[in-house]
Amino acid sequence: MLAELSPALIAEVKLAAKLLASKRRICILTGAGISAESGIPTFRDKQTGLWENYGVEDLATPEAFVRDPKLVWSWYQWRRQVVVDKAPNLAHHALAEWQYHAQTSDQQVTLITQNVDDLHEQAGSSVTHLHGHLWRNRCGQCEAPYQDQSRASYDNQNAMSFDEALLTCPHCDGYIRPDIVWFGEALPVNEWQTAEAAATNCEVFISIGTSSLVYPAAGLAQLAKQNGAQVIEINPDPTPNTIVDITLAEKAGMILPLLIQEMTA
Ligand code: NAD
Ligand code: ZN
């Protein structure tokens, strides 16, 4: 693995590992890029097939659901089909391993994700979801959780059904929607508090696989920096994040196993 990285990048990984090994409070924010190597397209990738003429901003909003609930529901059923057989990759596993070891060291590793997939959990991580959960549904009107189509119920079916017919709430007859934070909606209060506290109190903030364009999540790195943290970014492509101290410009699945190996060596 080492041989595939340039000497300059290996030097940066070693620098980051040394910094991390010397600090106690770490806050990590992940985005769609960490799941890219598992085969889940990021939001900046062009949509394919049936959906190529739609922008995600036209589908992932409360207005879109009011205008055409069937269209939005169908898109999420399609996304669930894309995600259901995907497994955690080396990056998810490396973070889970780090959190596991942190339990017996004096490090505190808080993992926050913008992703709605459950690949961090599948890898064994404890994670705070800022933007909701792909496998949960709730009523769009009275907000009651809708249990009948959880991930478990999808899993329990032999032939997994992603029926596109709209479901209605047993309490108020409103349409059932995915339990996901759409553009223009507020983030869940408890999760945001956890993220803000971790970013404020951390000594190192690591931004992984996020384009750093969507606020308020994108502001967490700035919050950490203002409070004295150093910022590490792992992303093969440049982002508008200008406050980064160490840039590791490679795929998360290549960098993270190496970084954690170096850190614990
Ligand atoms: P993004 O698609 O905007 O950015 C993904 C980033 O990952 C890019 O910067 C890319 O260079 C990087 N990347 C690609 N492959 C990588 C790899 N192997 N390793 C490391 N990095 C890699 O995703 P985002 O930043 O997570 O988007 C922010 C939020 O915007 C999302 O969580 C989502 O909530 C929201 N959003 C939601 C929808 C929706 O459908 N609800 C649509 C668009 C955006
Ligand atoms: Zn309801």
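Residue numbers for the sequence shown, in this note's numbering: 816 to 1080.
Backbone N, C-alpha and C fix where the C-beta goes; we use that ideal spot for every residue, glycine too.
- Excluding its 5 nearest sequence neighbours in each direction, N1056 has C-beta neighbours in its own chain below 7 Å: S1022, S1027, A1036 and E1048, listed in chain order.
- The secondary-structure analysis by DSSP pairs C842 across a beta bridge with T925 and F1020.
- DSSP places T1062 in the uninterrupted beta strand (DSSP E) bounded by I1061 to L1063.
- Judged by DSSP secondary structure, Q1045 falls outside any alpha helix (DSSP H) and instead within the beta strand (DSSP E) spanning Q1045 to I1049.
- Counting only residues of its own chain and dropping the five nearest sequence neighbours on each side, W888 has a CB closer than 6 Å to the CB of L981.
- Taken through DSSP and simplified to helix, strand or coil, I991 comes out as strand.
- Counting only residues of its own chain and dropping the five nearest sequence neighbours on each side, F998 has a CB closer than 7 Å to the CB of E872, A875 and T876.
- For L945, the closest of Q918, I927, E867 and H935 by C-alpha to C-alpha distance is I927.
- For Y869, the secondary structure class from DSSP, reduced to helix, strand or coil, is coil.
- Counting the other CB atoms within 10 Å of its CB gives C987 a total below 16, which places it among the exposed residues.
- The three-state secondary structure of W888, taken from DSSP, is helix.
- Counting along the chain, G1068 sits inside no beta strand (DSSP E); it lies in the alpha helix (DSSP H) bounded by residues A1067 to T1079.
- Distance from A847 to N930 at the Cβ level is roughly 6 Å; contact confirmed, criterion being Cβ atoms closer than 8 Å.
- In this structure, K1066 sits away from P1053, with a CB-CB distance that is not shorter than 8 Å.
- A straight line joining the alpha-carbon of A1001 with that of P822 spans about 43 Å.
- One residue after another in chain order, those with a Cβ under 6 Å from a heavy atom of the ligand ZN are C954, Q956, C957, A959, C984, H986, C987 and G989.
- DSSP places N1005 within a helical segment (H, G or I) once states are collapsed to three.
- Under the 8 Å Cβ criterion, the stretch 891 to 911 counts as touching the stretch 837 to 855, having at least three qualifying pairs.
- Residue pairing by DSSP puts N952 in a beta bridge opposite Y961 and P993.
- Per DSSP, G864 is not a residue of any alpha helix (DSSP H), being assigned neither H nor E.
- Spatial neighbours of V1059 in its own chain (CB-CB distance under 6 Å, excluding positions within 5 residues in sequence) are listed in chain order as V1046 and E1048.
- Using a 10 angstroms sphere on the CB of N1005, the tally of other CB atoms stays under 16, which defines it as exposed.
- Shown here, H908 sits in a helix according to DSSP, grouped into three states.
- Nearest to G864 by C-alpha distance, out of E1018, I855 and W893, is W893.
- Distances between the C-beta of F977 and the heavy atoms of the ligand NAD are all 7 Å or more.
- In this structure, the C-beta of K1066 approaches the ligand NAD to less than 7 Å from one of its heavy atoms.
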